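A quick write-up on the structure given underneath.
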Amino acid sequence: GPKVLQIPSHQIIDMGQMVTLNCDPVSNHLYFYWYKQILGQQMEFLVNFYNGKVMEKSKLFKDQFSVERPDGSYFTLKIQPTALEDSAVYFCASSLAAGGSQNTLYFGAGTRLSVL
Amino acid sequence: QQKVQQSPESLIVPEGGMASLNCTSSDRNVDYFWWYRQHSGKSPKMLMSIFSNGEKEEGRFTVHLNKASLHTSLHIRDSQPSDSALYLCAGTEGADRLTFGKGTQLIIQP
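For the protein sequence lines, the chains are A and B, in the order given. Numbering (the working numbering) for the first sequence: 2 to 117. Numbering (the working numbering) for the second sequence: 2 to 111.
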């Protein structure tokens, strides 16, 4: 099936440093998402992105977070500076369309972020 | 308050048995429901979706939806050890993003 690639699979970083998580969405998908999951718990929505813009963000998407997808490259989540509570698995997802039956999200394998 | 509530939190079913998982939305704007399965350490994968009242069956999996009560359920018959996973229910409102519940941890005992 369609594949979303995430790089790296695991990132260890000191608190206060910057980190960039990379996502290569399914090639013909137009909508991109980041979700945060702490230790197999609830999958929590962070942000979605379409046509170069953030469509919606949750209260978990702090000011220290930013997303972008420069043409032809990765969809990225940047955290600057990082905090201890940012430790989690971050899943990228993409979908062909938003809403309705076309809104099947395909998830990447996740990046485990450990902030020390 | 959680928009999407799942029950039970965890469920143990003997191999070959029937597993029944529940999900209810507290938001009347939710009009589509999705079931995802997440094996330990892996990414969630879409199992089934349902948008209309009634029932949908795919192999050993059956999903029900009651739009009036905003309740959906997932039933797995002839459960296998490989079905052991976290089952996530999600709802969407129109063009909005998916909101996930906390999940049901299903354990199939050989």
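Glycine included, C-beta positions come from ideal geometry on N, C-alpha and C. These numbers were taken from a predicted model, which means no experiment stands behind them.
For a contact defined as C-beta to C-beta under 7 Å, what are the partners of residue i on chain B?
i	result
A:Gly53	Going along chain B, no residue has its Cβ under 7 Å from A:Gly53, so there is no contact; the nearest lies around 17 Å.
A:Phe66	Those within 7 Å of A:Phe66 in chain B number zero; the least Cβ separation is about 16 Å.
A:Tyr34	Arg98
A:Asn49	Arg98
Using the beta-carbon of each residue, which ones in chain B are nearer than 8 Å to residue i?
i	result
A:Ala110	Lys43, Ser44
For residue i, does the three-state DSSP call read helix, strand or coil?
i	result
B:Ser85	coil
A:Asp25	strand
A:Leu31	coil
B:Leu75	strand
A:Glu57	strand
B:Glu56	strand
A:Glu86	helix
A:Phe62	coil
A:Ile39	coil
B:Pro111	coil
A:Asn49	strand
B:His40	coil
A:Leu6	strand
B:Leu48	strand
Applying the criterion that 16 or more other CB atoms from any shown protein chain within 10 Å of the CB defines a buried residue, is residue i buried or exposed?
i	result
A:Lys37	buried
A:Ala84	exposed
B:Pro45	buried
A:Pro3	exposed
A:Met44	buried
B:Leu71	buried
A:Val55	exposed
A:Asn49	buried
A:Leu106	buried
B:Gln110	exposed
B:Ile51	buried
A:Pro71	exposed
A:Leu117	exposed
Mind pulling the chain A residues with CB within less than 8 Å of residue i?
i	result
B:Thr100	Phe46
B:Thr25	The premise fails here: B:Thr25 is roughly 16 Å from chain A at the closest Cβ pair, so nothing lies under 8 Å.
Residues of chain A with CB under 9 Å from residue i, in chain order?
i	result
B:Gly104	Gly41, Gln42, Gln43, Met44
B:Leu89	Gln43, Met44
B:Thr63	Correct list: empty, because the minimum Cβ distance to chain A is about 18 Å.
Identify the contact partners of residue i in chain D, using a Cβ-Cβ distance below 8 Å as the criterion.
i	result
A:Phe92	Annotation note: the requested chain D is absent from the structure, which comprises protein chains A and B.
**Prompt:** Between the region 73 to 91 of chain B and the region 87 to 101 of chain A, are three or more C-beta pairs nearer than 8 Å?
**Reply:** no
**Message:** Please give the ranges of any beta strand (DSSP E) in the region 8 to 33 of chain B, keeping only runs that are unbroken, at least 3 residues long and fully inside the region.
**Reply:** 11 to 15, 20 to 26
**Asked** Given 8 Å as the limit, is there contact between the region 10 to 20 of chain B and the region 58 to 70 of chain B, that is, 3 or more CB pairs closer than that?
**Response** no
**Message:** Across the region 14 to 32 of chain B and the region 82 to 94 of chain B, are there enough close Cβ pairs to call them in contact, namely three or more that are closer than 8 Å?
**Reply:** yes
**Request:** Answer yes if the region 74 to 90 of chain A comes into contact with the region 15 to 22 of chain A, meaning at least three C-beta pairs across the two stretches below 8 Å, and no otherwise.
**Result:** yes
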